[in-house]
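In what follows, a single structure is set out as structure tokens and then discussed.
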Amino acid sequence: MNPFRWSYRVSFAVGCLICVALLAFALYAEYVLGMEPCPLCIFQRIGFIVMAVFFLIGAIHGPRAGGRWFYTGLVLLGALFGLATAGRHLWIQSLPSDQLPSCGPNLGYMFDAFPLAKVLKMVFTGSGECAKVQPILGLPMPFWTLLWYILLSVWAIRATLQRAAPRLRL
1 MNPFRWSYRV SFAVGCLICV ALLAFALYAE YVLGMEPCPL CIFQRIGFIV
51 MAVFFLIGAI HGPRAGGRWF YTGLVLLGAL FGLATAGRHL WIQSLPSDQL
101 PSCGPNLGYM FDAFPLAKVL KMVFTGSGEC AKVQPILGLP MPFWTLLWYI
151 LLSVWAIRAT LQRAAPRLRL
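The letter at position 87 of the sequence shown is residue 87 when you use UniProt numbering, and the numbering goes up by one with no holes.
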């Protein structure tokens, strides 16, 4: 079965499954490998959750023409949020040690103690725990998430542009 000939529904269902698998790996890395997620890591998970939800809704609904672009746009919104977060995370990890921000409170405390706008500012400013590089196959986790956001974005666009294969007439 050629994945470049899959229908919109199947392609979006596969996109959802990939997002769920990536989230499952994040939980595996956290609870089995002991990789404690920083606030930026948690925000990257939110990007995959948003993408998974809209991949799933698009797969279930299976709209035609413009409706496909609506779901693809929502998937891409989740991807853009994730790309911005992963890019910021990689930038923080590339800073020299003397320029790293100090460690801040955990995300749960920030949501309890501060308004949402301040939490977002604090998270994207970064903290010391976001600078810790924990490689997977030799590359930092934010690099992998950045790569997957790009691949899944291309996947969603390809599925939307895919025309139905002509049916055989007997």
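We put the beta carbon where it would ideally sit given N, CA and C, even for glycine.
For this session: Would you kindly report the start and end of the unbroken alpha helix (DSSP H) that includes G78?
Result: G66 to S94
Problem set entry | Best match in A13, F12 and C41 for proximity to F25 [C-alpha to C-alpha] | C41
Exercise. Out of Q93, L95 and F70, which has the shortest C-alpha to C-alpha gap to A156?
Worked result: F70
For this session: Note the first and the last residue of the continuous alpha helix (DSSP H) segment covering G58.
Result: P39 to H61
Problem set entry | Residue environment, R5, which counts as buried when at least 16 other CB atoms sit within 10 Å | exposed
For this session: Would you kindly report the start and end of the unbroken alpha helix (DSSP H) that includes G15?
Result: Y8 to Y31
For this session: Note down, in chain order, each residue of its chain lying with its Cβ closer than 8 Å to the Cβ of L90, except the 5 sequence neighbours on either side.
Result: P140, P142, F143 and L146
Problem set entry | the segment 24-39 / the segment 62-80 touching (three or more Cβ pairs under 8 Å) | no
For this session: Give the C-beta separation of M51 and L152 to the nearest angstrom, bearing in mind that I take them to be a contact with Cβ-Cβ under 8 Å.
Result: 6 Å
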